Amino acid sequence: MLVEVRCDKFVSNGKTREPIRFHAGLNAVLGDDNGSNSIGKSTFLMILDFVFGGSDYVKKCVDVQENVKEHTICFAFSFDGQTYYFSRNTVDYNNVVKCDAEYQALPDEDPLSLQQYGEFLCEHYDLSAEGITWRGAIARFIRVYKRDTLDEERPLRSSKDEKTADAIKGYMRLFDRYSSVEAQIKQAAVAEDEKEAFRKSTQEYNHIRAAKNDKEKEANEARITELEQQERILIDDNNRGLLDLDSMTAQRLSELNEALINYRRQRALIQTQLNSVRRDMTGERRSFKKTFTDLERFFPNEEFHTLEEIESFHQKLTKILTQEFTETERSLATTYVLLGNEIAAIKEQITEIKNVPNVSQAILREYAQITTELINLRKANENYDELQRLKRVATDYAATRDTIIADELLAIESTVNQEMGNITLEILGDATHMPPVLRLEKLNKYAFNTPNDGGTGAQYRGLITFDLANMAVAPVPFVVHDSVLLKNIERAVFSAIIRVYHNQKGQNKQVFMAYDTLDAYDEETRKLVEENAVLQLSPGGNELFGWAWNKEKQDETEQA
């Protein structure tokens, strides 16, 4: 348990305060009989939250951080006779430092992260349920002004941003009742994922989809019967040669024959083009130059230079065309050879298929179409049956999940409600008075209230009763209650609550509470609280940090 907190910034009347020591049972932080405010009672409880791994003291007590500045909180726990010393700084607040008895950092020891520190506290407070975390177990029971744990209708909430489902899961782990639920949730999720993956594969990614419903399945079965009859007739009409073909072979033969016809057509076309090019390449090439001499005899005075240039141009053009013809001829010849190779390969594949029946291409194509459609329809119905099976499995696992969730929630609810009834009877002394009621309706929904009593005092009494009940039936090691919870509770009930706080000593558990004036209560109650006071605060220098920053400072002239 927590046994000590100290800080060199804790001051009383100009002097550093002695370490604040704690014990089992009630630990009271008291104000003066005037009920003075802003003296540090709630702040000290926020420091306890800081000691227990929270960060609201740094993030929400902004006025403290601005006025006190950086400081270090030192604290100690005692477990099984051994004391463990730590410190935590308000600037480097994400680390917790291991210390010696003088609160000097241990040499060669790395600081603990908040997670590691939480694991240490879980281990030593014996919080061992699967999946439990330190803050998940205890944060909701630290009810201090400025924390988000004072909502009388949301006792499970640990912080403002926490989802209800997370709050309930964390609460279930406190009772070690979430592991079975989590296992069933995962199993149901796996079954649902398998169902959805199969559905998508058959309806979105696979060309053979599942039948949509029973009606379509029946239609498929009727079509299958019809196709099977057509298949038998086709086989009988072709001397049963098709019996030697399975659907894949028939389909392959049909495809090969179609490819063979296509390649032969292409090769014939290439042959025609190739013959034409070769004729053009071997045609007569006329030259007019040899006739120029004859022309000169008839026209001795004419100049034939221009004609020679034209002839030269024609020769160059012929050379270019010859090159193009050659390239075209080479390309066509290569294509012709390749097509011939493809034709030979296809013929070889057809030859390799054994026992090819002597049936026409049209019959092969029809047979392939029938067998392919049969395969698709049968597969569609098989997929439908499998999808229905997966749906049944997913539904079954979901129902089991929901049953287990309901059973576990009811078990916790019943246990806590029964104990709240016992505590209500103890503090009210009236068996007819209705206790608070917790309803864990779903994994993401719950309700809490004190029936037929909407008064502020009754609602806050409900929160207190809830916390005390959980300390009794679950491994909750302590609760922290600010004065805001207690102020509106009638005196007799307050006195009874104080006795229940004190009795936690017998269970080796702790209650940290803050309160101010006690003059309205009976002597027994005042004595019990004062004997268990661990810190008393008052204005005028005895505030937690020795001064109040909510008052304007006077200058020296005014003070004189």
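Numbering (full-length UniProt numbering), first residue to last: 1 to 560. Note that CB positions come from ideal geometry on N, CA and C, so glycine has one too. Small disclaimer: the values here were computed from a predicted structure and weren't measured.
Residue i, DSSP secondary structure in three states
i           : result
residue 114 : helix
residue 5   : strand
residue 25  : strand
residue 439 : strand
residue 20  : strand
residue 481 : strand
residue 38  : coil
residue 545 : strand
residue 264 : helix
residue 371 : helix
residue 178 : coil
residue 565 : Absent from the structure is residue 565, since the part of the chain shown begins at 1 and ends at 560.
residue 550 : coil
residue 558 : Residue confidence is low: residue 558 scores 38 on pLDDT, short of 50, so the model does not pin down where it sits. No coordinate-derived value is stated.
residue 462 : helix
residue 224 : helix
residue 288 : In this prediction, residue 288 scores a pLDDT of 46, lower than 50, which makes its location untrustworthy; no coordinate-derived value is stated.
residue 489 : coil
residue 433 : coil
residue 450 : coil
residue 521 : coil
residue 195 : helix
residue 212 : coil
residue 125 : coil
residue 240 : Because the pLDDT at residue 240 is just 49, under 50, the model does not fix this residue reliably, and the value given afterwards should be weighed accordingly. If DSSP states are grouped into helix, strand and coil, residue 240 belongs with coil.
Per DSSP, the bridge partner or partners of residue i
i           : result
residue 630 : Residue 630 is absent from the structure shown; the chain starts at 1 and stops at 560.
residue 445 : 442
residue 515 : 30
residue 510 : 25 and 478
residue 15  : 12
Rounded distance between the beta-carbons of residue j and residue i, thought under 8 Å
i           : j           : result
residue 461 : residue 493 : 6 Å
residue 563 : residue 511 : Residue 563 falls outside the range modelled here, since the chain spans only 1 to 560, and no answer is possible.
residue 195 : residue 390 : 4 Å
residue 568 : residue 270 : Lying outside 1 to 560, the shown extent of the chain, residue 568 is not represented and no answer is given.
residue 381 : residue 220 : 5 Å
residue 405 : residue 181 : 5 Å
residue 83  : residue 3   : 7 Å
residue 52  : residue 132 : That pair is no contact at about 15 Å.
residue 228 : residue 374 : 7 Å
residue 9   : residue 545 : 6 Å
residue 264 : residue 350 : Not a contact, Cβ separation roughly 13 Å.
residue 65  : residue 397 : Not confirmed; about 51 Å, so no contact.
residue 498 : residue 529 : 6 Å
residue 490 : residue 40  : Wrong, their Cβ atoms sit about 27 Å apart, outside the cutoff.
residue 575 : residue 50  : Lying before the first or after the last residue shown, residue 575 is absent from the chain, which here runs from 1 to 560.
residue 38  : residue 417 : No, residue 38 and residue 417 are not in contact; Cβ-Cβ is about 39 Å, not under 8 Å.
**Request:** Would you mind listing the alpha helix (DSSP H) stretches within the segment 44-122 that are 4+ residues and don't spill past its ends, in chain order?
**Result:** 56-60 and 62-68
- prompt: Along the chain, which unbroken stretches of the alpha helix (DSSP H) at least 4 residues long are found entirely within the segment 127-169?
  reply: 134-138
ask   = Three or more beta-carbon pairs under 8 Å between the segment 41-55 and the segment 136-144, yes or no?
value = They touch, by the three-pair rule.
| message | Can you confirm whether the segment 407-425 touches the segment 158-173 when touching is taken to mean that 3 or more C-beta pairs between the two stretches lie within less than 8 Å? | response | yes
Three CB pairs or more closer than 8 Å across the segment 430-442 and the segment 107-125 | no
Counting pairs of Cβ atoms below 8 Å between the segment 497-510 and the segment 537-553, do you hit three or more?
no
Hey, is the segment 101-111 in contact with the segment 151-169, meaning 3+ C-beta pairs nearer than 8 Å? no
Would you be able to state if there are at least three C-beta pairs under 8 Å between the segment 106-116 and the segment 89-98?
By the Cβ test, the segment 89-98 is in contact with the segment 106-116, since at least three Cβ pairs between them sit closer than 8 Å.
Decide yes or no for the touch test of the segment 439-453 against the segment 470-484: beta carbon pairs closer than 8 Å, at least 3 of them. no
#### Entry: the segment 177-192 touching the segment 448-459, judged by at least three CB pairs closer than 8 Å
Per the Cβ contact rule, the segment 177-192 is not in contact with the segment 448-459 (fewer than 3 Cβ pairs under 8 Å).
### Message
For a minimum of 3 consecutive residues, which ranges assigned as the beta strand (DSSP E) are wholly contained in the segment 391-425?
### Response
none
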